[in-house]
Amino acid sequence: MFTTQKDYRPIGDLAKSAVKEGCPICSILHQAISGFLASRPSEIQVPVSTQDQDIRFDFDREESKVYLLWDTEPIRVMSDEGAVVHTIHKLEPVMDIFISPDQAHLSRMFRVSKDSSGDIGSDASIALIKQWLEKCNTHESWLCGSHQDFEFPTRLVDVGNTSTDTESAVRLVESLTGTGRYMCLSHCWGSKEDENTTPYKTVKANKATHLQCIPHDKLSKTFQHAIDITRRLGVRYLWIDSLCIVQDDPLDWQREAAQMASIFNHSYLTLAATSASDGTKGIFSSTSSDYKSRRIECSLPAARDSWMRIPLWQQTKYVVHVRHAIQHHFLETVQEESSSWMFLGGKSRKESRLPLVQRAWVYQERLLSARLLHVFPNELAWECRCSQWCECGRLHPSRGIVQMRDNVYWTKYLLECVRRGEEPETTHPWFTKTDLVYDMWQSTVSNYSHLKLTYPSDIFPALGGVARQFGKLTNSRYLAGLWQDNLATDLLWIYEEGWREPGALNGRVPSTSSECRAPSWSWASLNVPVAWKYQTSMQRHKVVYLHSIMEFVEADVDHVYDPFGEIRGGDLTIRSYALYGVLQKAPKSRHNRERAEGPKFDVGLSPEEGPKRSRPKDVFPSDVVYNDWDYSVADSGLHIEEGTQVLCLAISAVSQGDYRRGYHAVTCLVLRPVAVKHNRQLYERIGVVSFEDIRLWNRLTGPDDEYINSEYGKIEEHDTPEKVTVIIV
Numbered sequence: 003m004f005t006t007q008k009d010y011r012p013i014g015d016l017a018k019s020a021v022k023e024g025c026p027i028c029s030i031l032h033q034a035i036s037g038f039l040a041s042r043p044s045e046i047q048v049p050v051s052t053q054d055q056d057i058r059f060d061f062d063r064e065e066s067k068v069y070l071l072w073d074t075e076p077i078r079v080m081s082d083e084g085a086v087v088h089t090i091h092k093l094e095p096v097m098d099i100f101i102s103p104d105q106a107h108l109s110r111m112f113r114v115s116k117d118s119s120g121d122i123g124s125d126a127s128i129a130l131i132k133q134w135l136e137k138c139n140t141h142e143s144w145l146c147g148s149h150q151d152f153e154f155p156t157r158l159v160d161v162g163n164t165s166t167d168t169e170s171a172v173r174l175v176e177s178l179t180g181t182g183r184y185m186c187l188s189h190c191w192g193s194k195e196d197e198n199t200t201p202y203k204t205v206k207a208n209k210a211t212h213l214q215c216i217p218h219d220k221l222s223k224t225f226q227h228a229i230d231i232t233r234r235l236g237v238r239y240l241w242i243d244s245l246c247i248v249q250d251d252p253l254d255w256q257r258e259a260a261q262m263a264s265i266f267n268h269s270y271l272t273l274a275a276t277s278a279s280d281g282t283k284g285i286f287s288s289t290s291s292d293y294k295s296r297r298i299e300c301s302l303p304a305a306r307d308s309w310m311r312i313p314l315w316q317q318t319k320y321v322v323h324v325r326h327a328i329q330h331h332f333l334e335t336v337q338e339e340s341s342s343w344m345f346l347g348g349k350s351r352k353e354s355r356l357p358l359v360q361r362a363w364v365y366q367e368r369l370l371s372a373r374l375l376h377v378f379p380n381e382l383a384w385e386c387r388c389s390q391w392c393e394c395g396r397l398h399p400s401r402g403i404v405q406m407r408d409n410v411y412w413t414k415y416l417l418e419c420v421r422r423g424e425e426p427e428t429t430h431p432w433f434t435k436t437d438l439v440y441d442m443w444q445s446t447v448s449n450y451s452h453l454k455l456t457y458p459s460d461i462f463p464a465l466g467g468v469a470r471q472f473g474k475l476t477n478s479r480y481l482a483g484l485w486q487d488n489l490a491t492d493l494l495w496i497y498e499e500g501w502r503e504p505g506a507l508n509g510r511v512p513s514t515s516s517e518c519r520a521p522s523w524s525w526a527s528l529n530v531p532v533a534w535k536y537q538t539s540m541q542r543h544k545v546v547y548l549h550s551i552m553e554f555v556e557a558d559v560d561h562v563y564d565p566f567g568e569i570r571g572g573d574l575t576i577r578s579y580a581l582y583g584v585l586q587k588a589p590k591s592r593h594n595r596e597r598a599e600g601p602k603f604d605v606g607l608s609p610e611e612g613p614k615r616s617r618p619k620d621v622f623p624s625d626v627v628y629n630d631w632d633y634s635v636a637d638s639g640l641h642i643e644e645g646t647q648v649l650c651l652a653i654s655a656v657s658q659g660d661y662r663r664g665y666h667a668v669t670c671l672v673l674r675p676v677a678v679k680h681n682r683q684l685y686e687r688i689g690v691v692s693f694e695d696i697r698l699w700n701r702l703t704g705p706d707d708e709y710i711n712s713e714y715g716k717i718e719e720h721d722t723p724e725k726v727t728v729i730i731v
């Protein structure tokens, strides 16, 4: 018997089972799969010579979807004993099978569903959106709360009272008093190099005109469609960034960027033009013929399975519907335990047809919005803080938000707690509110760092609204993307391996330069995806203990306007134990696989450097350095040379398991001197390193443990690394 994540069997077995055992379900599945493959979408390529016995399937009863495979390229199938017994090629979950409501007696086996409207701008689609709005408004959960009226943003587009208003009724309004409803548009601006795709904007010169009328012919197709939907939903006001922010007024831009949290948090509905790469594409689209269902008539013998509710004496014909499965790479993963960043413009790149989800600004808009309507190429999909729906019916409705494992929804939950002034709850008593908040912040940053920004200086403003809300939960000072009270963990960010773009190293702007967008100690200093080696969730699941051994002294971050927005630079002063060493190319090992950008470097501790002798490498063996992405000792045109003197500043002591078999390490920032300011040496971060030595861990974490001293040898007081105070820029 095969034991894999899915139980793939030859589809020929279905025909045999239908004939020999009289299984009606096998008969239906075989006829449905055969009918689907006979008229399959063009993108599904099955070798002509493939026979029924070569094609394998798995039927997911809960989802009513079929996975198909065939014998070509090797994917290992394991036996119960772990031996490789078969090689297969996975096609994908390519087929949906469903029934219409009049075939409800088959509903125990197949899902009742329907085709999508086929035209996203149709009256049927608008009726469906209204239905979803009503379901959300009347849901027992308090998480969405968007049926309430809120204060208006500074400016809005007035689309008129009804859908019959003329085009000239569209105008800009500002400083509205009172409360009411408005919608937001989330969209791609297009290429800044192509004037034909950049959206129409409000600037100082045309602001007065826009307050009277916004010319219809100046509006992109996306804007026109968004206005049409807003009118048909009975909402008068629409917020569009390019029109509601004066684009050539830096002060207005900074001021409005600082209001993003409230703008999207209070939106009645955010309309996401998810599949449009720019304004010329519009929002309305028609469902591809590949994703429209095919009617399959199935002939059955008299059924013997009473659970199907088919009379034993009745010879019957039944109708099922099959279609190419609509993939939900962006939304479906919200319900899975996998990392959601892979579906936010990340590693899989499967969402190349969904340009919007690859944009960094949009990630914030998604997190802050209580309700979003996604316009995908072949259907509409709904996402709010307590439910998900889509036209094809594959997304599960109404799941309790606190039970959702995905960090996107946990983050949405936390942000709604802030809005309502509620205390967040966790499902694990050993995982505190503080743990949850900092863990979700690091996950949010990791997701965000995989996405694209047109302007590098937007790195903080594009996440500023979310950061502002998190600040109300942490009650901690925000320091260039890190939190002062969590520095012992936040400082230990590393870049995600495998994300190096082809070509030469990019190199960050030196942290001493006036053009620097973030100091070297901040994850925002690198234009690459980042993660945390020791996250709070790892401490929860893997019983990892993280003990801070650094002391925060002071931080000076130079903000342009908003403490959660753009910065000019920043200094971080901390005090801790110092180990001095030199950089060298790391030997190949299980820790150091060859990667696209070349090997990592290692730290060899020098016994002769520093005010006090540091331990030689054979006393404190280091793990391989997690060097920052733009530093290497292997690339041509080195950013940093082998043999460079560095200072390793201890940040946290990490332990997992017991003394005999556990993991114990002191994790340090790897720093190099870069400049002298006011007679004080400044350092730049170039990586993170862990020294896996239980004696060093024991000496720096507090009172000596006698077992460690007797078993491994004691580090004497005079041999303890000295404490130093350093300024990192």
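Mapping to this note's numbering: the sequence shown position 229 is 231, numbers consecutive. Cβ coordinates follow ideal geometry from the N, Cα and C atoms, glycine included.
Practice task
Using 10 angstroms around the beta-carbon of Arg183, count the other beta-carbons present and answer buried if the total reaches 16, otherwise exposed.
Solution key: By the neighbour-count rule (16 or more Cβ atoms within 10 Å), Arg183 is buried.
Practice task
Assuming Pro521 and Gly467 form a contact by the criterion Cβ under 8 Å, report the distance between their Cβ atoms to the nearest whole angstrom.
Solution key: Not a contact, Cβ separation roughly 22 Å.
Problem - Environment of Leu375 [buried if 16+ CB atoms lie within 10 Å] - result: buried
Exercise for the section: From the DSSP output, read off the bridge partner residues of Ser97. Expected result: Going by the sequence as given, residue 97 is Met instead of Ser. According to DSSP, Met97 bridges with Val68, His326.
Problem - Glu568 burial status per 10 Å Cβ neighbour count (16 or more: buried) - result: buried
Exercise for the section: Tell me Leu581's beta-bridge partners as DSSP assigns them. Expected result: In DSSP, Leu581 forms a bridge with Cys650.
Handout entry: Chain-order list of residues whose beta-carbon lies under 6 Å from that of Leu108 (same chain, five-residue window excluded)
Key = Ile101
Handout entry: For Asn163: DSSP bridge partner residues
Key = Beta-bridge pairing links Asn163 to no other residue.
Practice task
Check each candidate in Ala677, Pro357, Ser578 and name the one with the smallest Cα separation from Val668.
Solution key: That would be Ser578, whose Cα lies nearest to the Cα of Val668.
Problem - Cβ distance (whole Å) where Arg674 is taken to contact Val690 below 8 Å - result: That pair is no contact at about 13 Å.
Practice task
Go through its chain and collect everything with a Cβ distance to Gln249's Cβ below 8 Å, but skip five positions before and after it.
Solution key: Lys203, Thr204, Val205, Trp255
Practice task
Count the other CB atoms, across all protein chains shown, that sit within 10 Å of the CB of Ala259; report buried if there are 16 or more and exposed otherwise.
Solution key: With a 10 Å radius around the Cβ and a threshold of 16 neighbouring Cβ atoms, Ala259 comes out buried.
Handout entry: Leu273 and Ile231 closer than 8 Å at C-beta
Key = Against a cut-off of 8 Å, the Cβ pair of Ile231 and Leu273 comes out as a contact.
Practice task
In angstroms with no decimal places, state the Cα-to-Cα distance between Ile551 and Gln683.
Solution key: 22 Å
Problem - Phe286 versus Met185 - alpha carbon distance - result: 17 Å
Practice task
Starting from the C-beta of Pro357, find all residues in its chain whose C-beta is less than 6 Å away, skip the five residues before and the five after it, and write them out in chain order.
Solution key: Cys190, Ser279
Problem - Burial state of Asn380, where buried means 16 or more other Cβ atoms lie within 10 Å - result: By the Cβ neighbour-count rule, Asn380 is buried, with 16 or more other Cβ atoms within 10 Å of its own.
Handout entry: Met442, DSSP secondary structure in three states
Key = helix
Exercise for the section: Taking Arg238 as the reference, give the member of Glu195, Ser288, Arg157, Lys209 with the closest Cα. Expected result: Arg157
Practice task
Might you give, ordered along the chain, the residues of its own chain that have their beta carbon closer than 6 Å to the beta carbon of Glu556, omitting 5 neighbours on each side?
Solution key: Excluding five sequence positions before and after Glu556, the CB atoms of its chain that fall closer than 6 Å to its own CB belong to Thr575, given in chain order.
Exercise for the section: Can you tell me which of the three DSSP states Ile229 falls into? Expected result: DSSP places Ile229 in helix when its eight states are reduced to three.
Problem - Which of helix, strand or coil DSSP assigns to Gln105 - result: helix
Exercise for the section: Using three-state DSSP, classify Ser692 as helix, strand or coil. Expected result: Shown here, Ser692 sits in a strand according to DSSP, grouped into three states.
Handout entry: 6 Å Cβ shell around Leu417 - same chain, five flanking residues per side excluded
Key = Apart from the 5 residues on each side of it in sequence, Leu417 sits with its Cβ closer than 6 Å to the Cβ of Gln471 in its chain, given in chain order.
Exercise for the section: Please classify Phe266: does DSSP put it in a helix, a strand, or coil? Expected result: helix
Practice task
Would you tell me roughly how many angstroms separate the C-alpha atoms of Asn477 and Ser524, rounded to the nearest one?
Solution key: 20 Å
Exercise for the section: Compute the distance between the beta-carbons of Ala482 and Ala526, then report whether it is under 8 Å. Expected result: yes
Exercise for the section: Reducing DSSP to helix, strand and coil, say where Leu374 ends up. Expected result: In this structure, Leu374 counts as strand in the three-state DSSP scheme.
Exercise for the section: Give the single residue among Ile99, Leu493, Tyr293 whose Cα lies nearest to the Cα of Lys535. Expected result: Leu493
Practice task
Please classify Lys454: does DSSP put it in a helix, a strand, or coil?
Solution key: strand
Practice task
Put His549 into one of helix, strand or coil per three-state DSSP.
Solution key: In the three-state reduction of the DSSP assignment, His549 falls in the strand class.
Handout entry: Coarse secondary structure for His141, derived from DSSP in three states
Key = In the structure shown, His141 sits in coil (DSSP, three-state: anything other than H, G, I, E or B).
Practice task
In angstroms with no decimal places, state the Cα-to-Cα distance between Ala17 and Gln329.
Solution key: Roughly 28 Å between the two C-alpha positions.
Handout entry: Residue-chain proximity (Val321, chain B), Cβ-Cβ < 8 Å
Key = Absent from the structure: chain B. Only one protein chain is present.
Handout entry: Cys670 and Ala655 closer than 8 Å at C-beta
Key = no
Problem - Inter-residue Cα distance where the pair is His452 and Ala533 - result: Rounded to the nearest angstrom, the two C-alpha atoms are 10 Å apart.
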